[in-house]
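Numbering (this note's numbering), first residue to last: 486 to 850.
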């Protein structure tokens, strides 16, 4: 071990060795013979630890240089590990720094006297940064390399948006309003679903703020990225409707066999429902968990199909459905799997089979 005395400006070096019987040393760096140890400590015994003071004045020039290099290397390793530990604990935290260097591949930023990096994959595509500008981002990852650790920050991550809302909206920070889900195409549009844990607090109003001051601060930070705030609900149909606002769906049809939903919209709202380059419909699909297929009103038509015309249905199945007041295909599809399972005499296999037959019919039609 090495002890530095900063006040005196000197150094003390000690070597800890195990005491072994005379003539049985296997490694002089870690062992010392009993006879030699007794010269310093007359009470020492075999198996005890012996601390030997090393006189560095006896070191040659080569050994001194080697010791210096080893010491420098150890200090660098400790500094490197301290840096990794510090920023690993700060993953998910927003930091502010100054742009040190910017090119196509990456932006290097000085944060708290430490250089961090924002690779192109974590940048917002329509932002341009110059040396000396102040920049805000979220610590995303700490990557250990053979040289200096790479501290990665991001402005593209959905977590960055979440942290901005936590900073600007006290109700979110205090968990009065909860962010349920975020769907984002960085630089263009974000949809965020929020719910209130207090019936007295409007989640959307809390996020928008008085005269829109809270949401405007977030939009400015994101370079005028459009943000849709959606009140979250467990009602899947209502959630789909809200995700497409201000588009007003005329009808929503869920498909039993896959996570797909057809949404009928007025012809003049079709482009609004899809959005620029399909962004709105993609984000709505992501935040609801359904693949939303928009359909023009003029192209949507479902024939009123009497169940008696479905050849695949047995008399027993027709009787079971009829007794529940289900006489047409669209009535059965609207009831869905959960509705069919409420019928007396209905089992899971039959319910799935009924819905599959009708959905196949409409696809062929």
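Each residue gets a CB set at the ideal place from its N, CA and C atoms; glycine is no exception.
- Taking residue 536 as reference, the option from 595, 734, 561, 501 with the minimal CA-CA separation is 501.
- The three-state reading of DSSP puts residue 533 in coil, since its state is none of H, G, I, E or B.
- Annotated as proximal: residue 650 and residue 657, with beta-carbon spacing under 8 Å.
- With contacts defined by Cβ atoms closer than 8 Å, residue 792 and residue 770 do not form a contacting pair.
- CA-CA distance, residue 488 to residue 498, rounds to 6 Å.
- Following the DSSP letters along the chain, one finds residue 619 inside the beta strand (DSSP E) bounded by residues 619–628.
- Taking C-beta atoms as the reference points, residue 711 and residue 674 count as a pair closer than 8 Å.
- For residue 691, the enclosing alpha helix (DSSP H) stretches over residues 688–693.
- Counting only runs that start and end inside the stretch 758–794, the alpha helix (DSSP H) elements of at least 4 residues fall at 764–773.
- Pairing residue 637 with residue 626 gives a Cβ-Cβ distance under 8 Å.
- The DSSP-derived three-state label of residue 545 is coil.
- Under the three-state reduction of DSSP, residue 595 is assigned to strand.
- Taking 8 Å as the cut-off, the beta carbon of residue 737 is found closer than this to the beta carbon of residue 748.
- Boundaries of the alpha helix (DSSP H) harbouring residue 655: 655–658, taken from the DSSP string.
- With distances taken between CA atoms, residue 676 lies nearest to 768 out of 493, 624, 768.
- Cβ-Cβ distances below 6 Å link residue 809 to 828 in the same chain, with the five nearest sequence neighbours on each side left out; the list follows chain order.
- The C-alpha of residue 597 lies about 46 Å from the C-alpha of residue 723.
- Beta-bridge analysis with DSSP links residue 744 to no other residue.
- With contacts defined as CB atoms closer than 8 Å, residue 764 and residue 670 qualify as a contacting pair.
- Setting aside the 5 residues that flank it on each side, residue 817 is surrounded in the same chain by 792, 806, 811, 825, 839, 840, 843, each with a C-beta closer than 8 Å to its C-beta; the list follows chain order.
- Exclusion of the five residues before and after residue 654 leaves 662, 691, 692, 699 as the residues of its chain whose Cβ lies within less than 7 Å of its Cβ.
- Residue 755 carries a helical assignment under DSSP once its states are collapsed to helix, strand and coil.
- Relative to the Cα of residue 561, the nearest Cα in the group 531, 546, 515, 632 belongs to 632.
- Taking residue 781 as the centre and dropping the five residues before and after it, the same chain places the C-beta of 752, 755 closer than 6 Å to its C-beta, in chain order.
- Within the DSSP bridge table, the entry for residue 639 names 623 as partners.
- Looking at the DSSP output, residue 681 bridges to 662.
- When the beta-carbon positions are compared, residue 519 and residue 538 stay at least 8 Å from each other.
- Under the DSSP definition of a beta bridge, residue 566 lacks any partner.
- If you compare the alpha carbons of 591, 643, 526, 665 with that of residue 635, the shortest gap goes to 591.
- Taking the C-beta atoms as reference points, residue 602 is found nearer than 8 Å to residue 593.
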